[in-house]
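Engineer:
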Amino acid sequence: MRDGESDDPSTESGGEPAVTEERRRTRHRDSQGRRADAHQSGAEGMDPERLRYFTQPGEGASHTRHRRRRAAPPAQPGEPTPPAQSGRPGGIPGRAQPVRIPPGGQPPQPPRAQQAPPPPAPPRRPEPEYVEPRYDDHEFSDVDAQPAYDEPTYDEPAYGEPAHPEPVATTPRGPRARDEDDWWPGADDAEPAAAPRRPRRRNRENQKKRRVVLALAIVFMLALVGGVGYYGLRSMGVLESRKDYTNTAGASDVIVDIPENSTLSDFGRILLDADVVGSMRAFLDAADGQPMSGGLYKMRTQIPASTAVEMLTDDSAQHRVGRVVIPPGLQLDSKTGIDDKVTPGIFQLIEDATTTEINGQPEGVTVAQLEEAAATSTPEALGVPDWAKENVASMTGDHRRIEGLIAPTTWERVEPDHSAVQILNEMITKSAAMFDQWGLVDENKSGLSPYETLIAASIVEREVRHVEDAPKVARVIRNRLDEDQRLEMDSTQNYTAAVTNIDVHGEAYKADNEWNTYRYKGLPPTPIAAVGVPALEAMLDPAPGSWLYFVTVDTAGTTLFADTFEEHKRNRNVACKNKLVSTGCQ
Numbered sequence: 001m002r003d004g005e006s007d008d009p010s011t012e013s014g015g016e017p018a019v020t021e022e023r024r025r026t027r028h029r030d031s032q033g034r035r036a037d038a039h040q041s042g043a044e045g046m047d048p049e050r051l052r053y054f055t056q057p058g059e060g061a062s063h064t065r066h067r068r069r070r071a072a073p074p075a076q077p078g079e080p081t082p083p084a085q086s087g088r089p090g091g092i093p094g095r096a097q098p099v100r101i102p103p104g105g106q107p108p109q110p111p112r113a114q115q116a117p118p119p120p121a122p123p124r125r126p127e128p129e130y131v132e133p134r135y136d137d138h139e140f141s142d143v144d145a146q147p148a149y150d151e152p153t154y155d156e157p158a159y160g161e162p163a164h165p166e167p168v169a170t171t172p173r174g175p176r177a178r179d180e181d182d183w184w185p186g187a188d189d190a191e192p193a194a195a196p197r198r199p200r201r202r203n204r205e206n207q208k209k210r211r212v213v214l215a216l217a218i219v220f221m222l223a224l225v226g227g228v229g230y231y232g233l234r235s236m237g238v239l240e241s242r243k244d245y246t247n248t249a250g251a252s253d254v255i256v257d258i259p260e261n262s263t264l265s266d267f268g269r270i271l272l273d274a275d276v277v278g279s280m281r282a283f284l285d286a287a288d289g290q291p292m293s294g295g296l297y298k299m300r301t302q303i304p305a306s307t308a309v310e311m312l313t314d315d316s317a318q319h320r321v322g323r324v325v326i327p328p329g330l331q332l333d334s335k336t337g338i339d340d341k342v343t344p345g346i347f348q349l350i351e352d353a354t355t356t357e358i359n360g361q362p363e364g365v366t367v368a369q370l371e372e373a374a375a376t377s378t379p380e381a382l383g384v385p386d387w388a389k390e391n392v393a394s395m396t397g398d399h400r401r402i403e404g405l406i407a408p409t410t411w412e413r414v415e416p417d418h419s420a421v422q423i424l425n426e427m428i429t430k431s432a433a434m435f436d437q438w439g440l441v442d443e444n445k446s447g448l449s450p451y452e453t454l455i456a457a458s459i460v461e462r463e464v465r466h467v468e469d470a471p472k473v474a475r476v477i478r479n480r481l482d483e484d485q486r487l488e489m490d491s492t493q494n495y496t497a498a499v500t501n502i503d504v505h506g507e508a509y510k511a512d513n514e515w516n517t518y519r520y521k522g523l524p525p526t527p528i529a530a531v532g533v534p535a536l537e538a539m540l541d542p543a544p545g546s547w548l549y550f551v552t553v554d555t556a557g558t559t560l561f562a563d564t565f566e567e568h569k570r571n572r573n574v575a576c577k578n579k580l581v582s583t584g585c586q
């Protein structure tokens, strides 16, 4: 008998099965809600034209709708093991051969075989909680079951070519899952498993975050570009105001402090902040690239930019405040020379530099205030370095005790609103740092203490006109100290004289004070002037030699040195002939 033919006598001629009333009935369920036997009612009640496109699975073969596999029931004790399905090694059942059913006919029926009772319908799962279904010993869940390939699945072989085991398709859980009984038999009713859906909410949140980050990045870049552009244009003066005042008299006095090495733009900004000029651009246009020096300036507010430039560049520096220039060899007190010329001392220079009037209020310090602060303040309050504190403290009450502790240099900012103690403290403290840099403490080869070296260097400073003579004069001082011989220096005697004179004589020669080295041995109690770098370096490392005498013989500053007193007298006669000195001349 060929596949697809039936031995049922009810078939009509031509091999077409007769359509009976029983086969026209629709499928139904039993009282427990389970579907009736697939071979008895699976094809009944269906339109033959529709049924022709479906395939009747073999007896005992699983339907392809859900790819459910059933394992053969375990053998009972004493029963023979079911034979392996033909067509596959190891007893793996073959796949049912689809059979085309002509219109009006019915599919051929395989030999009836006793089948396992159909599984009970799975209980309805409440939403949203999922309840795991229970299964009997002869059935696996369509989700959790694993395919058993090493055991036979069916009691009898299926029609046609043995079927291949197919993987189990997982039915999605939840309200979208189909009822497992909602199917029709056939070979082409298999559906691909639904792909898992991506969580839309999470994607939307991620997209929203990305948009926010991108928006913030764009805002930041725009702000950065805008800021750079704004300051760039402002630095070039494109966005600057060109406002300028017109009243040359101005409104009020003001002190402006312009740091050293400031550019013209710095000048303009500082003056604009002090309301001296109307705009930075107006000042730059008026300056026209002229060089200017930093420092303290007494200016007027709300003046034209051109007037401000004139005040800053005035050669007389009459608008400069607090600028003190101390040359080497200058003393604290003012001195009158033999020519009646007065040389202002350091205290007088400080008074002149700081004394000013700001909107009717006087500012600055006087010479008297400086002398009092120098004489009575403690060494700590004055900023005296450690290597000079003992000597300074021993002369409390005498303002000359801080002589030589202020280094010769240009002091650009002596604040006019500071007290005398503050001003002296600032100058002495900075001078001590300068002496350290010049090697007074660490590079001293004179054999003297730092303070004694500073005293000896001050004598060199006052005695020498030419720098090349300074190391020789330093050697003379050092040799006389070693020989315990009086220094007999005109410079030390002139320190206390009312009138300074290179030709010492009379009362000055006989003055009884510790600075008169014609009467006292050793060094004077304090330096006698501000010490410059050449004189200090000469005293730190005197030139080698045995000289004990020296004398300046002309107005050009020519100096002659001698080892003996006889030789020195001959050199002094040269000075007498040149009428530079008259005392002791023959």
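The sequence shown begins at 1 in the UniProt record's numbering and counts up by one.
Note that beta-carbon positions come from the ideal geometry of N, C-alpha and C, so glycine has one too.
Computed from a prediction, not measured in an experiment: that's the story for all the values here.
1) With three or more C-beta pairs closer than 8 angstroms as the rule, is the segment 242 to 256 touching the segment 271 to 285?
2) Just how far apart, CA to CA, sit R462 and G360?
3) How far does the beta strand (DSSP E) with T356 in it reach, from first residue to last?
4) Can you grab the Cα-Cα spacing for the pair A317 / F220, in whole Å?
5) If you draw a straight line from the alpha carbon of G557 to that of N261, how long is it in whole angstroms?
6) To the nearest angstrom, report how far apart T453 and S446 are at their CA atoms.
7) If I measure Cβ to Cβ from P304 and keep anything under 7 angstroms in the same chain, skipping five residues before and after, which residues do I get?
8) For a minimum of 4 consecutive residues, which ranges assigned as the alpha helix (DSSP H) are wholly contained in the segment 382 to 411?
9) Is L296 helix, strand or coil by DSSP?
10) So what does K335 bridge to, in DSSP terms?
11) Going by beta carbon distance, what residues of the same chain come within less than 8 angstroms of R269, once the five residues before and after it are set aside?
12) What residue does the beta strand (DSSP E) around D482 start on, and which one ends it?
13) Alpha carbon to alpha carbon, what distance is there between L271 and N501?
14) Which one or two residues does DSSP pair with F561 in a beta bridge?
15) Is the beta carbon of A407 closer than 9 angstroms to that of I459?
16) Q290 by DSSP, collapsed to three states: which one?
17) Kindly give me the distance between the Cβ atoms of H568 and A575, rounded to whole angstroms, as I take these residues to be in contact under 8 angstroms.
18) Can you check DSSP and say which residues form a bridge with I218?
19) Between which two residues does the beta strand (DSSP E) carrying P362 extend?
20) I need the straight-line Cα distance from R519 to Q493, nearest angstrom please.
21) Nearest-angstrom Cα distance between A368 and E483?
22) Under the rule that 16 or more other beta-carbon atoms within 10 Å means buried, what is H466, buried or exposed?
23) Would you tell me roughly how many angstroms separate the C-alpha atoms of G289 and E310, rounded to the nearest one?
24) Leaving out the 5 sequence neighbours to the left and right, which residues in its chain are closer than 6 angstroms to A286 when beta-carbon positions are compared?
Structural biologist: With the given structure in hand:
1) Flag = yes, the segment 271 to 285 and the segment 242 to 256 touch.
2) Their backbone Cα atoms lie some 42 angstroms apart in a straight line.
3) Start and end: 356 to 358.
4) So the two alpha carbons sit approximately 50 angstroms from each other.
5) G557 and N261: Cα-Cα distance of roughly 38 angstroms.
6) Near 7 angstroms, if we compare the C-alpha coordinates of S446 and T453.
7) By the criterion of a C-beta distance shorter than 7 angstroms, P304 is surrounded in its chain by D244, Y245, T246, T248, once the five residues flanking it on both sides are discounted.
8) Scanning the segment 382 to 411 from its first residue to its last, the whole alpha helix (DSSP H) runs of 4-plus residues come out as 386 to 394.
9) Of the three classes helix, strand and coil, the one that applies to L296 here is strand, per DSSP.
10) K335 pairs with T343.
11) Closer than 8 angstroms at the Cβ level, and outside the excluded window around R269, lie M280.
12) Unbroken run through D482 is the alpha helix (DSSP H), 470 to 482; no beta strand (DSSP E).
13) Roughly 49 angstroms between the two C-alpha positions.
14) Here F561 is bridged, per DSSP, to F550.
15) A407 sits away from I459, with the two beta carbons spaced by 9 angstroms or more.
16) If DSSP states are grouped into helix, strand and coil, Q290 belongs with coil.
17) Beta-carbon to beta-carbon, H568 and A575 are separated by about 11 angstroms, too far to satisfy the 8 angstroms threshold.
18) Bridge partners of I218: none, in fact.
19) First-last of the beta strand (DSSP E) with P362: 361 to 363.
20) CA-to-CA, the gap between R519 and Q493 works out to about 9 angstroms.
21) The straight-line gap from Cα to Cα measures roughly 41 angstroms.
22) H466 comes out exposed.
23) Spanning the two alpha carbons is a distance of roughly 13 angstroms.
24) Counting only Cβ-Cβ distances below 6 angstroms, and skipping sequence neighbours, we find A305, S306, V309.
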